[in-house]
Ligand code: XMP
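Residue numbers (my numbering): 114 to 630.
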């Protein structure tokens, strides 16, 4: 669905690892930016009428026989083009310059000398600065009409441009934080070179998305699976704003949520809350506990939770009858990770339950598919969703099911919910910054001997986990102050029946994972 008629810059993806960062840097300048596969046709680009085009890096050599390439016509559309790394080499190669294997590779921080103080792209950079490099090929000779704007010890043309044709290229990566002058480059490109006005804002996103959703949905009926997580909540509220009573939101409470969470979600999105969502809460706790009884294998538990979630959702959807649209809270990193062009697939994203097979619907609507997580959060605040929900810690779809090692029972869920609640409450009281990680309690499958009030106990061990991570692919245990951990331990042992030991998990990822199963 076309959600924006804003001025935009497009990024053509040649398999670069930093493509998302490029889009971020442009959007930080309040200009909408979209990543498209390198195969996007010239006609499509013309039709989109972007204010600028950025070519990403990529793993190939431009002169290799099967190298990813594009039409040289791209450079004569009259639209400013910025080539980065592979994109720079491709520009040089397609316009008649020479690209070859560099005498030495450059990786990481590299000293860059700016040669052209009048360059519209990097003229206002420090003359001598550091930039992030990652290349084995280099531009040996720039094409006719171009001149060199920067160099490094290895790279004679670390920057080149032809201002008359609005073509710019840099060998380094201005999009990563390790290039301190990078933000200036994007600002220069977006405003001075592409002439953007910078009007992309979250309120304009809400307004234009609501309009687009109305156009797309017409008088159709929409069904949305609401989990209470930030993505599905923002998606549901946007749809409600657009089509009101035509929307039905189904919230399946599988009994594996954090303490009070089901009620909190119902309070905000239910009939007593401020939104018109036709909110249906399905209390399926007992059903899930029955399905999980006796199951100890982690993968089997995940599969049961996922497939039963779909079953319950489908059963509820059937009551509504035929719907025209199924709404999903897919966000941009999900789209990019699923691969947006050939050669760019990193991993296939899957939502916990996958798509329901037996719900009769015509089309999927994904109003957030162009937004990053922090942008989704800003839209959420703009829509008046409480900050507590908008800034909720990420919570996995299978919920506490993967934080209880071994068989899941109602009793174990109670223990982990209460311990987790105390832990998070104490972290908040102590002002521990949990914003860049995940902090939760899990239940080990271990029972051990203890002594309480002169009596022997034989109870469960709760594990507190706190990790700091930027991408959830790697993580380190958080350094929580000792006194905070001690308070948590005291409270959990005293207040949570069935626990006589509290452990703190020091394991990083790898070798551990963030969750327990
Ligand atoms: P792991 O345990 O693999 O988790 O280190 C990495 C991140 O992914 C979340 N996670 C999930 N999220 N469905 C989800 O929606 C799942 O099945 C799932 N498994 C793990 C986890 O909470 C962490 O943020």
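Quick reminder that beta carbons are idealized off the backbone N, C-alpha and C, glycines included.
Remember, it's a predicted structure, so these values are computed and weren't measured experimentally.
Any non-hydrogen atom of the ligand XMP closer than 7 Å to residue i Cβ
{"i": "residue 585", "result": "yes"}
{"i": "residue 444", "result": "no"}
{"i": "residue 620", "result": "no"}
{"i": "residue 202", "result": "no"}
{"i": "residue 507", "result": "yes"}
{"i": "residue 551", "result": "yes"}
{"i": "residue 510", "result": "yes"}
{"i": "residue 415", "result": "yes"}
{"i": "residue 626", "result": "yes"}
{"i": "residue 515", "result": "yes"}
Terminal residues of the beta strand (DSSP E) in which residue i lies
{"i": "residue 167", "result": "165-168"}
{"i": "residue 260", "result": "260-264"}
{"i": "residue 274", "result": "272-275"}
{"i": "residue 362", "result": "360-366"}
{"i": "residue 551", "result": "550-565"}
{"i": "residue 78", "result": "A question about residue 78 goes unanswered here, because the residues of the chain that appear run from 114 up to 630."}
{"i": "residue 295", "result": "Taken as a continuous stretch (DSSP letters only), residue 295 belongs to no beta strand (DSSP E), being part of the alpha helix (DSSP H) at 295-300."}
{"i": "residue 614", "result": "612-617"}
{"i": "residue 371", "result": "No beta strand (DSSP E) contains residue 371, which DSSP labels as neither H nor E."}
{"i": "residue 440", "result": "438-440"}
{"i": "residue 502", "result": "It is not in any beta strand (DSSP E) - residue 502 instead sits in the alpha helix (DSSP H) that spans 500-503."}
Straight-line gap, residue i to residue j (C-alpha atoms, nearest Å)
{"i": "residue 553", "j": "residue 496", "result": "28 Å"}
{"i": "residue 191", "j": "residue 307", "result": "11 Å"}
{"i": "residue 618", "j": "residue 173", "result": "42 Å"}
{"i": "residue 211", "j": "residue 240", "result": "26 Å"}
{"i": "residue 590", "j": "residue 304", "result": "42 Å"}
{"i": "residue 116", "j": "residue 325", "result": "Here the model assigns residue 116 a pLDDT of 41, short of 50, so the residue's position is not dependable, and the following value carries that caveat. Taking the straight line joining both Cα atoms gives about 6 Å."}
{"i": "residue 620", "j": "residue 478", "result": "40 Å"}
{"i": "residue 347", "j": "residue 171", "result": "34 Å"}
{"i": "residue 276", "j": "residue 144", "result": "22 Å"}
{"i": "residue 194", "j": "residue 310", "result": "18 Å"}
{"i": "residue 336", "j": "residue 559", "result": "42 Å"}
{"i": "residue 527", "j": "residue 546", "result": "26 Å"}
{"i": "residue 454", "j": "residue 196", "result": "Confidence at residue 454 is low in this model, with a pLDDT of 45, below 50, so its placement is unreliable and the value that follows should be read with caution. The alpha-carbon atoms of residue 454 and residue 196 are separated by roughly 18 Å."}
{"i": "residue 188", "j": "residue 354", "result": "42 Å"}
{"i": "residue 616", "j": "residue 362", "result": "39 Å"}
{"i": "residue 175", "j": "residue 169", "result": "13 Å"}
Minimum Cβ-Cβ distance from residue i to chain B less than 8 Å
{"i": "residue 587", "result": "Absence of chain B from the displayed structure is noted, only one protein chain being present."}
Limits of the unbroken alpha helix (DSSP H) element including residue i
{"i": "residue 328", "result": "315-330"}
{"i": "residue 346", "result": "343-356"}
{"i": "residue 412", "result": "411-433"}
{"i": "residue 600", "result": "595-608"}
{"i": "residue 159", "result": "155-161"}
{"i": "residue 539", "result": "523-542"}
DSSP-derived helix/strand/coil call for residue i
{"i": "residue 130", "result": "coil"}
{"i": "residue 242", "result": "strand"}
{"i": "residue 515", "result": "helix"}
{"i": "residue 189", "result": "helix"}
{"i": "residue 309", "result": "coil"}
{"i": "residue 202", "result": "helix"}
{"i": "residue 482", "result": "coil"}
{"i": "residue 457", "result": "At residue 457 the pLDDT is 37, less than 50, meaning the model places this residue with poor confidence; the figure from the coordinates comes in the next sentence. Coil at residue 457, not helix or strand."}
{"i": "residue 267", "result": "coil"}
{"i": "residue 446", "result": "helix"}
{"i": "residue 622", "result": "strand"}
{"i": "residue 115", "result": "Residue placement at residue 115 is flagged as unreliable, the pLDDT there being 41, under the threshold of 50; a coordinate-derived value is accordingly withheld."}
{"i": "residue 135", "result": "helix"}
{"i": "residue 572", "result": "strand"}
{"i": "residue 404", "result": "helix"}
Segment contact, 8 Å Cβ cut-off, at least three pairs: the stretch 195-206 with the stretch 154-162: The stretch 195-206, when compared against the stretch 154-162, does not touch it at the 8 Å Cβ threshold.
Cβ contact check for the stretch 376-386 and the stretch 404-423: 3 or more pairs under 8 Å: no
Spell out a yes or no on whether the stretch 238-251 and the stretch 276-289 are touching, meaning 3 or more CB-CB pairs, one atom from each, closer than 8 Å. Flag = yes, the stretch 238-251 and the stretch 276-289 touch.
The stretch 313-333 touching the stretch 482-497, judged by at least three CB pairs closer than 8 Å: With a cut-off of 8 Å on Cβ pairs, the stretch 313-333 is in contact with the stretch 482-497, counting three or more such pairs.
When you compare the stretch 261-274 with the stretch 214-225, are there three or more beta-carbon pairs, one atom per stretch, that lie closer than 8 Å? With the cut-off at 8 Å, the stretch 261-274 and the stretch 214-225 touch.
Measuring CB atoms only, is the stretch 595-606 touching the stretch 531-545, in the sense that at least three cross pairs come out at less than 8 Å? Taking a cut-off of 8 Å on C-beta distances, the stretch 595-606 touches the stretch 531-545, as three or more cross pairs fall below it.
Count Cβ pairs between the stretch 440-448 and the stretch 326-345 that sit closer than 8 Å; are there 3 or more? yes
Indicate whether the contact test is met: 3 or more Cβ pairs, each with one atom in the stretch 592-599 and one in the stretch 481-493, closer than 8 Å. no
Does the stretch 420-428 come close enough to the stretch 516-524 to have 3 or more Cβ pairs within less than 8 Å? no
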